[in-house]
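Participant:
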Amino acid sequence: MDEGFLKEQQVMESDLNSETSHKSSVDFLMDWFRRRSIFVLAYGTGCGAIEMPPTFTSRYDAERLGIRGAATPRQADVIIVSGYCSYKTLRRIIRTYEQMANPKYILALGSCTVNGGMYWDSYNTIKRLEDYLPVDMYVNGCMPRPESILEGFMALQKEIGDGKISSWQKYEDNYAFYRKNQEAVLGQTVAPAYDADWYLYDGGL
Amino acid sequence: METNKHITIFHGPQHPGITGNMSVELDLIGETIQKATTHVGYLHRGFEKLVERRTVIQAFTIVCRICVPEPDPNEANFAMAVEELAGIEVSERVKYIRVMVLELSRLASQCMWLAGQSGSIGLYAVGQWAIADRDLILDLFEELTGGRVYHMYIYPGGVRRDLPDGFLRRLEKVLNHFKKRLKEYDNIFINNASFKSRAIGVGIVSPEECIKNGYVGQVLRGCGIEADVRKDAPYLVYDQLDFEVPTAQGGDVYARALVRRAEMDQSIHILEQVIDKMPEGEIMVKMPTHRKFKLPKNDTWVKVESSRGEFAYYMAGDGSEKIRRMQVRGPSLVHAFTLLEDLLVGAELSDVALIMNSLGICPPEIER
Amino acid sequence: MKWSIDISGTLSPLGILAAMMQKPNTIAYPAVKKETAVGYRGFHTNLLVDCIGCANCQDVCMNDAIDMIKTDKEYNVKNSSQCIPRIDYGRCCWCSLCTDVCPPDSLKLDEEYLGVTQYASDFLYMPKDK
Amino acid sequence: MIILDLALMLITAYFVGFIYYGLYRNITARFQRRIGPTIFQSFYDSIKFFGKKEAISHGWMFYLGPIIMATGAIMTLFFIPFFYQSESFSGLSGYGNLFLVLYLMLLGPLGNAMGVGVGGNPFGVMGVTRGLTRLFALELPFYIAVVAIMSISQSADIATIAGSQTTINAFAHPLLFIAALFSFVAMMGQSPFDVVGAPVEVYSGPASEFSGKFLSLLMSQSAIFSFAKLVLMVNLFLGGADGFFELLWKTFVLFLFVIAFGAIYGRFKTPQSVDFLIKVPTVIAIVGLIFATAWGN
Amino acid sequence: MFATIKNRFATTDIEVKREDLYKVVVQRDAIFELIFMLREQYDYQTLNAITCCDWIEEEHFAITYILTTSDRKQSFMVQTMIGREDAQIDSLTHTFEQAEIMERDLHEMYGIDFPGNQNLVELSLENWVHTPPLRREFDTLEFVNNNLSFREGRDGNMDVKKEMKRLRALKKAQKAAAKKAKEEASEVSDGN
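Chains as they are written, first to last, in our numbering: chain P, 58 to 262; chain C, 327 to 694; chain F, 207 to 336; chain W, 516 to 812; chain E, 55 to 246.
(1) Classify residue 629 (chain C) as helix, strand or coil using the three-state DSSP reduction.
(2) Considering only C-alpha positions, which residue in the set F:255, F:267, F:274 and F:272 is nearest to residue 281 (chain F)?
(3) Of all Cβ atoms in chain F, is any one closer than 8 Å to the Cβ of residue 536 (chain W)?
(4) Whose C-beta lies closer than 8 Å to the C-beta of residue 125 (chain P) among residues of the same chain, with five residues either side of it excluded?
(5) Is the beta carbon of residue 716 (chain W) less than 8 Å from the beta carbon of residue 441 (chain C)?
(6) Are the CB atoms of residue 719 (chain W) and residue 129 (chain P) nearer to each other than 8 Å?
(7) Here's a check: name, in chain order, each residue in its chain whose Cβ is nearer than 7 Å to the Cβ of residue 529 (chain W), leaving out the five neighbours to either side.
(8) Pick from C:598, C:428 and C:543: whose alpha carbon is nearest that of residue 328 (chain E)?
(9) Indicate whether at least one CB of chain C lies closer than 8 Å to the CB of residue 205 (chain P).
(10) Note down, in chain order, every chain W residue with its Cβ under 7 Å from the Cβ of residue 129 (chain P).
(11) Given a cut-off of 8 Å on the beta-carbon distance, is the pair residue 130 (chain E) and residue 92 (chain E) in contact?
(12) Using a Cβ-Cβ distance cut-off of 8 Å, determine whether residue 105 (chain E) contacts chain C.
(13) Among W:677, W:624, W:725 and W:607, which has the Cα closest to the Cα of residue 521 (chain W)?
(14) Per DSSP, what are the beta-bridge partners of residue 635 (chain C) in this structure?
(15) So, does the region 695-711 of chain W touch the region 787-801 of chain W, judging by three or more C-beta pairs under 8 Å?
(16) Between residue 538 (chain C) and residue 546 (chain C), what straight-line distance do the alpha-carbon atoms span, to the nearest angstrom?
(17) Does residue 708 (chain W) come out as helix, strand or coil in the three-state DSSP assignment?
(18) With residue 145 (chain P) and residue 368 (chain C) assumed to form a contact (beta carbons below 8 Å), what rounded beta-carbon distance in angstroms separates them?
(19) Tell me where the alpha helix (DSSP H) around residue 332 (chain F) begins and ends.
(20) Cutting at 6 Å between CB atoms, please list the residues of its own chain near residue 665 (chain W), excluding the five before and the five after it.
(21) Any beta carbon from chain E within less than 8 Å of residue 276 (chain F)'s own beta carbon?
(22) Give the interface partners of residue 145 (chain P) over in chain C, defined as CB-CB distance under 8 Å, in chain order.
(23) Using a beta-carbon distance cut-off of less than 7 Å, what residues from the region 282-302 of chain F approach chain E?
(24) Within 10 Å of its beta-carbon, does residue 429 (chain C) have 16 or more other beta-carbons around it, so buried, or fewer, so exposed?
(25) Using the beta-carbon of each residue, which ones in chain F are nearer than 9 Å to residue 212 (chain P)?
(26) What residues are listed by DSSP as bridge partners for residue 76 (chain E)?
(27) According to DSSP, is residue 177 (chain E) part of a helix, a strand, or is it coil?
(28) Using a beta-carbon distance below 8 Å, is residue 330 (chain F) in contact with chain E?
(29) Based on the DSSP secondary-structure assignment, which residues constitute the bridge partners of residue 314 (chain F)?
(30) Keeping to the same chain, check which residues put their C-beta closer than 7 Å to that of residue 260 (chain F); ignore five residues upstream and five downstream.
(31) Taking only the alpha-carbon atoms, compute the straight-line gap between residue 566 (chain W) and residue 721 (chain W) and give it to the nearest angstrom.
(32) Quick check: is the beta carbon of residue 334 (chain C) nearer than 8 Å to any beta carbon in chain P?
(33) Under a CB-based cut-off of 8 Å, is residue 273 (chain F) close to chain E?
(34) Starting from the N-terminal side, write out each stretch of the alpha helix (DSSP H) that is 4 residues or longer and does not extend beyond the region 474-502 of chain C.
(35) Enumerate in chain order the residues of its own chain whose CB-to-CB distance from residue 588 (chain C) is below 7 Å, with the five nearest sequence positions on each side excluded.
(36) State yes or no: is the beta carbon of residue 124 (chain E) nearer than 8 Å to at least one beta carbon in chain P?
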């Protein structure tokens, strides 16, 4: 039996085998800018929000890496789901996520988003975030230290720069799956559906 | 056409100006608030149920999550309630260490308030400095307890680790740094003309209301009432320490800010006494294993002074190894509903963040 | 609207500008790494020559995070169950109760804490043998 | 040739504006005791937003808002000469004078108000209401100061005003300069008058509903417009510029002052800022006007 | 004070928990009278909390009102029992404004009705249709298992006690087998 995180090795191997994507030079340039500018939605969904002020203020200063806060979902690239997620919050997170403009990413902090964490037997929190929304990066810890959060952002930036992340596409493609899971815990009140025509309006003039 | 004038907006839960994950439904005419309704529950995890499922020792690790910015009063409360029910007496050293942890956490929490309050009027520099200063305290906590935010340190029957070598010296160094910094905060924030113009006369509470409705902490002290659990019903060793209860007149946001600022001085003063007086002794009484530790059938009500006011626990045992019932009564419960909904009527949208920060509303302890 | 001229309140915040000349607080993370304090509660380690497979850690864990699994490594001769703990970091809260109850003191937390991954299934952790 | 001149002006304003915004973030970071981003950060942000897709539509009126705003900013820029002697970088300033510039400066915010109103976001509408209220408050002292300057220079032509200053107007007529500076801080949306996009109150105000290309456009216009306003202030009060170097250091000093002012003071409420603007700077401007007309020339 | 309360409410059940905390248990119909008396005559001006404890074995809820004097030096826990079925007790909102939110909380968590409280809407939960969660009969783990799923992949967990037993038995068997083999071998060798 190997030590450390068990699946790590396997994942690295699978990455080697996957096809390298062919990007046009415009995409390449766009990804270059995207990884240097990340706007994080100001929404503290759980206890992890307590380590965000140190990350974003002068001690760890995430703005050095081009990461800064954004007030509204329209302008944000990343939503941080910081730890446990009660049903009531999950509904708001889904709603907020769907309003964000593509491309968009989800960063999940802490144990609770992976397998319930210490609230594994709580009647009011979800256990696995990936059932409801496509998660791009998990950060380990309870709570993750600011260094861990920065590390998570840097890993995300690397993936963005390589153009590997298309989780929003995954969400649109597998919407039925996500919707089913969302309805299973939230009932019919998740509405409106993501494919309502006012959501998927593509491009301006 | 009266109805057309009203706009209903949700201030939160996704809003930069909200203190945590909660929301206030505001009914506005122009930018003046006609009616405010608080909504919580975004952070409800059912602690009181989870605690019932766990043994006392297991439950101890979970209580610190109840209030995220300031976990230590929860641990202290839990430990004190369990000790009172089980009849455990802890040593003097433990009491001093607990006082030290509580005061450090109060100082850290006030730094967080400083950041929130200054951020609510757009003075971001103060917030950035204050959070970095708070990190110095978190570094101390990391050294003492092994965790930055969640310490899980105050164990029923004692504390989990002894002080590391030279810890008190490093603490003194941080305190000296803080003394220097607090003067700067006075100059750039408390004394700032723009803060005064925003805060004076906003969110006024009257002393009679305070007593009747059970408001606690800075809200009371901002009305000139000298109320502090540390003085009124001393716990741990607060009766052996010399400190004052700062008060201010006016009952507005500025009065509460002055009180908080003066409390930071008092915390430093207490910590300096703790450094001088720290006795030797055991840090933990002998505790049975977690399946054998039982609480008698009895109930109690314990309270400590957190950085935002009286923080109380009701705890009942039933003779088994599990807690029968633990109810958390944080300072925010009444503040966020009765008080906030009152204060916001007639205020402007710009004042919402200001008032919320000055009340120190912390949603995780409301809904638990 | 009532207001008065507040000269000291207008001038005293000029102190903010002095910060321009001072050293920033920032720890430039990837380049400069701050030492974690001794005794920080990071990832688990388990010294296999000491572990006796008693499952006390599993019993005390309120998060149901610890699995006792068969090991193919060399284990302590006193390990009467031939099992060693594996920890689910999708559950763990680093409360360190498991290390408190460990009779031979083989299970410990060390200062490592960085774990970032794209896949939620990565979060099963086999404590390092040290 | 005028097309080339205009294009060069636009490109200069675009890049200098973005670098100034980068510097703004960097210097603010220093006040906050941190390192801060690179000076190109705002540019990166803008380009990134250009590559994002809008998630939502409110119809063509909504999109017209940012376009009118950008048009207003660019037209303002074209009518302000960068240098008082040179033929190049004078743009269309030969065809219009200070009055036209003052009028064009109003165009953008009004167009934006229309677009945001269609968006229907209550925070956007609130932000725009705040913005227009502040605009009318800050215009009063600014116009008085500008009228005084025009009467001193006996001309409404910007290049002439810039060139005719023997002692620069900031020292010759300090009261007018101070009055105009207060307005200018408000015009740049700096604290304590930053009521429009106050995040803890109204999210990001008028921009709340915009994303993608239109937010990128808004950022670009804000960079261009800021530079245009800086050049205007330099021309009116700091004696104008003779070359790029002089223009850059003068605008930068002015910009640094605005940043420092914003870092020191917290935000006023809308009524407070209006109250302040129509009392303090206006009184200073009127006194300055009286001094200038009594002793001027 | 204690004598008055004892005479008036025919209870002997006054405990002094700490020097600053008293507790009394009274009948349900007398509780408001006692609260008002404490408030009017003994300066217990503030209602700090209303708590509830579910004693499912004894089939009642213990409702506790915690009152504090206006100088905040003394607290009084006033407890009464109400039946678990159709639990209801009058609201205190007319006297203490803050009781509204506390009663709302208890209503949601235990399903207790407070006639007189106008605002008993959901507080923390949203669209909750199951048993009120803090009642003892509500099993949260069962609820989670029915409604949500945990991450798979944690197979390989052994029941250590059983495993120990099995290994011990195995060892014994091995030993016995070895012994047997030895004996057999020796028998064989003997035979030879």
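Yeah, the Cβ is synthetic: ideal placement off N, Cα and C, and Gly gets one too.
Facilitator: With the structure as the only source:
(1) Here residue 629 (chain C) carries a strand assignment [DSSP, helix/strand/coil].
(2) Closest option to residue 281 (chain F), Cα to Cα, is F:255.
(3) no
(4) 95, 96, 97, 113 and 119
(5) no
(6) yes
(7) 735, 738 and 739
(8) Given that chain E is displayed from residue 55 to residue 246, the structure contains no residue 328 (chain E) and the question cannot be resolved.
(9) Among the CB atoms of chain C, none fall inside 8 Å of the CB of residue 205 (chain P).
(10) 718, 719 and 723
(11) Yes.
(12) Between residue 105 (chain E) and chain C, the shortest Cβ-Cβ separation is below 8 Å.
(13) W:607
(14) C:632
(15) yes
(16) 11 Å
(17) coil
(18) 5 Å
(19) No alpha helix (DSSP H) contains residue 332 (chain F), which is instead part of the beta strand (DSSP E) from 330-332.
(20) 671
(21) yes
(22) Per Cβ cutoff of 8 Å: 367, 368 and 370.
(23) If the cut-off is 7 Å between Cβ atoms, the region 282-302 of chain F has 286, 287, 288, 289, 294 and 296 near chain E.
(24) Residue 429 (chain C) should be labelled buried.
(25) 322, 323 and 324
(26) The beta-bridge partner set that DSSP reports for residue 76 (chain E) consists of E:70 and E:130.
(27) coil
(28) yes
(29) Residue pairing by DSSP puts residue 314 (chain F) in a beta bridge opposite F:251.
(30) 309
(31) Their backbone Cα atoms lie some 21 Å apart in a straight line.
(32) no
(33) yes
(34) none
(35) 572
(36) Under the 8 Å criterion on CB atoms, residue 124 (chain E) is classed as non-interfacial with respect to chain P.
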